[in-house]
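Encoded structure:
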């Protein structure tokens, strides 16, 4: 089974095409976020890997669960369950301009790809533990895929 990643051009193109199909009026299948809020949330998640957003430290139990979850996703290639909790600093409650937010996400994606090519991504995640470039590409694909599915894409 192929593991999709933002580091593979065809997988990246697929994500960008799905992002282009999202509209301000796309209906969610679960969760509380509107489409523009989801875009900003995904933008912030990617900014974690580039060091622009720093996550708070968490307790050992949650970190252990996160590391096991990362390993399970890698081994079984499964996705993120709906309504999974996240860090407060990436929860979006404010209203966002849809077009501007999508442009910002696409710019953050390009920044991520540039830093990945330079092997200049964070080597540690507060929840998932040690991360390399391949881990980040895989996990970001999984996260974007999860939220695009949230809106039927």
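Numbering (the working numbering), first residue to last: 10 to 162. We put the beta carbon where it would ideally sit given N, CA and C, even for glycine. For clarity, every value in this text was computed on a predicted model and none was experimentally measured.
- Under the three-state reduction of DSSP output, residue 134 falls in the strand class.
- In the DSSP assignment, residue 145 falls within the alpha helix (DSSP H) that extends over 142–159.
- With contact defined as three or more Cβ pairs closer than 8 Å, the region 130–149 and the region 67–75 are in contact.
- Cα atoms of residue 110 and residue 49: separation of roughly 6 Å, rounded to the nearest angstrom.
- A check of alpha carbon separations from residue 129 across 116, 145, 99 identifies 145 as the nearest.
- Setting aside the 5 residues that flank it on each side, residue 12 is surrounded in the same chain by 86, 147, each with a C-beta closer than 7 Å to its C-beta; the list follows chain order.
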